[in-house]
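Take a look at the structure below.
Numbering (the numbering used here), first residue to last: 15 to 163.
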């Protein structure tokens, strides 16, 4: 803690930092993790609110490498019948165009790369999502001044 409120404890108390087990207001949009990425095109953001799911680890994988406009990606979600993650292919070889594109559960994703950057086949990301019906466990703490007269 410090006077500028930039310390780790300050950020935890303000709700700016969350622990792995906590659910925040952004959990239904997904949390992106790189699994294996060697190309210059990156998966940078998601948008929307996940519906029809309580939790999933979505796999996004580049199928055909190349520049934006030629590279393709596929999306795999959990298979509820067999209780396996990342096995149900719901989107196959969609061309990466740099705009918001289909992900899963009503979410969209966006890739970005600089001029000359390419995606490499088998580049992979995981997006952990929680449904919009999950209760927020880390709304942030609020304080107020009190005085006794």
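Glycine included, each C-beta is placed from N, C-alpha and C at the ideal position.
DSSP three-state call for residue 123: helix, strand or coil? strand
What number of angstroms, rounded off, separates the C-alpha of residue 107 from the C-alpha of residue 87? 5 angstroms
Once DSSP output is grouped into helix, strand and coil, what is the label at residue 99? strand
Local Cβ density within 10 Å of residue 139, reported as buried at 16 or more and exposed below that: buried
Closer than 6 angstroms by C-beta to residue 47: which residues in its own chain qualify, once you throw out the five before and the five after it? Chain order, please. 140
Report buried or exposed for residue 58, applying the criterion of at least 16 other Cβ atoms within 10 angstroms of its Cβ. exposed
Endpoints, beta strand (DSSP E) assigned at residue 78: 69-78
Identity of the residue in 67, 62, 49, 81 nearest residue 75 by Cα: 49
To the nearest angstrom, report how far apart residue 117 and residue 162 are at their CA atoms. 55 angstroms
In angstroms, rounded to a whole number, what distance separates the CA positions of residue 115 and residue 109? 9 angstroms
Going by the CB atoms, is the gap between residue 80 and residue 111 shorter than 9 angstroms? no
Please name the residue in 63, 121, 78, 64 whose C-alpha comes closest to that of residue 53. 78
Simplified DSSP assignment, three categories, for residue 105: strand
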